[in-house]
Amino acid sequence: MTPDTLLKDLPNIDPELWRPIAVDELAPPSAPRHAPRILVLYGSLRERSYSRHLAEEAGRLLAAFGAEVRTFSPQGLPLPDGAEADHPKIAELRDLASWAEGMLWVSPERHGAMTAVMKAQIDWIPLSLGGVRPTQGKTLALMQVCGGSQSFNTVNQMRQLGRWMRMLTIPNQSSVPKAFNEFNEAGRMRLSPLYLRVVDVCEELMKFTWLNRGRDGYLTQRYSERVESAEQVSLRVNQDSL
101 MTPDTLLKDL PNIDPELWRP IAVDELAPPS APRHAPRILV LYGSLRERSY
151 SRHLAEEAGR LLAAFGAEVR TFSPQGLPLP DGAEADHPKI AELRDLASWA
201 EGMLWVSPER HGAMTAVMKA QIDWIPLSLG GVRPTQGKTL ALMQVCGGSQ
251 SFNTVNQMRQ LGRWMRMLTI PNQSSVPKAF NEFNEAGRMR LSPLYLRVVD
301 VCEELMKFTW LNRGRDGYLT QRYSERVESA EQVSLRVNQD SL
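Just so you know, we're using the working numbering here: the sequence shown kicks off at 101 and counts up by one.
So this is what it looks like as structure tokens:
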């Protein structure tokens, strides 16, 4: 689909004020030019899920900014350690995590924290696969929806997890209070300052992904990893006994 076609599906966007990502300002000539690959995760199984609605809205925006977007459905994902890694949903999630060059996590806030559905997805993404971290050096954006007043507990908690997974978590973030007021019956987000913040987060994620991609290998290179190769790490962490 062309950018103009994608913008037509974004009724809250003023085409006169929309700006495509200036790739040449962000990426060196040697960097890849394919569409940035963005994986979107959301944290609710409800039929009317506001985190899913927000994830879908953000996915449309990211696509309009030029991303290739894939959204993972957590429906049917087992609890962590409740199945083997070859379970179809686990394999799907891990394949998407390896495919992605950036991610967007969208969770409801429940009891002051992210939902179990959201945490389960993050827990199934391994910290290493054969000594290689599938999330290291990738970009990450964070959003949350609230049933009541605005809170930032969940985005802050997810930011900590992103740092633990060695992801480049962008500065901007979005928290949507009283989410039931912010979406129409069709699940589309209404125009408001909250919507504008969502647009800002998507634009910033795209800019940072373009800026980071092609440089992430050097940026995440560490002295300790030059001392001990990935193969050596794999042998050490997977040994039967110490």
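Every residue gets a Cβ at the ideal spot worked out from N, C-alpha and C, and that includes glycine.
Which residues does DSSP list as the beta-bridge partners of residue i?
i: valine 276; result: Val245
i: methionine 214; result: Glu209
i: threonine 239; result: Gly202, Leu268
i: phenylalanine 283; result: Met289
How far does the beta strand (DSSP E) with residue i in it reach, from first residue to last?
i: glutamate 147; result: Looking at the DSSP string, glutamate 147 is not in any beta strand (DSSP E), and its letter there is neither H nor E.
i: arginine 137; result: 137 to 142
i: arginine 170; result: 168 to 172
Since residue i is in the alpha helix (DSSP H), which residue starts that stretch and which ends it?
i: glutamate 304; result: 293 to 312
i: glutamate 125; result: 123 to 126
i: serine 324; result: 323 to 327
i: aspartate 316; result: 316 to 319
Give a yes or no on whether the C-beta atoms belonging to residue i and residue j are separated by under 8 Å.
i: leucine 242; j: threonine 269; result: yes
i: glutamate 304; j: asparagine 253; result: no
i: valine 206; j: glycine 248; result: no
i: leucine 154; j: valine 217; result: no
i: glycine 317; j: proline 128; result: no
i: alanine 135; j: alanine 167; result: yes
i: threonine 239; j: threonine 309; result: yes
i: glutamate 147; j: glycine 287; result: no
i: glycine 202; j: leucine 319; result: no
i: glutamine 257; j: alanine 213; result: yes
i: leucine 126; j: lysine 278; result: no
i: leucine 107; j: proline 120; result: no
Using a Cβ-Cβ cutoff of less than 7 Å, which residues in the same chain neighbour residue i once the five nearest sequence positions on both sides are dropped?
i: isoleucine 222; result: Leu261
i: proline 180; result: Ala220, Asp223, Trp224
i: leucine 294; result: Val276, Glu282
i: arginine 152; result: Tyr142, Ser144
i: valine 299; result: Leu161
Leaving out the 5 sequence neighbours to the left and right, which residues in its chain are closer than 8 Å to residue i when beta-carbon positions are compared?
i: leucine 110; result: Arg160, Leu161, Ala164
i: asparagine 284; result: Arg290
i: arginine 233; result: Leu227, Met265, Arg266
i: arginine 170; result: Arg137, Ile138, Leu139, Val140, Leu196, Trp199, Ala200
i: serine 130; result: Gly314
i: leucine 193; result: Phe172, Leu177, Gln221, Trp224, Ile225
Which same chain residues, not among the five before or five after residue i, have their C-beta less than 6 Å away from its C-beta?
i: glycine 176; result: Lys189
i: arginine 297; result: Ser274
i: glutamine 250; result: Ser275, Pro277
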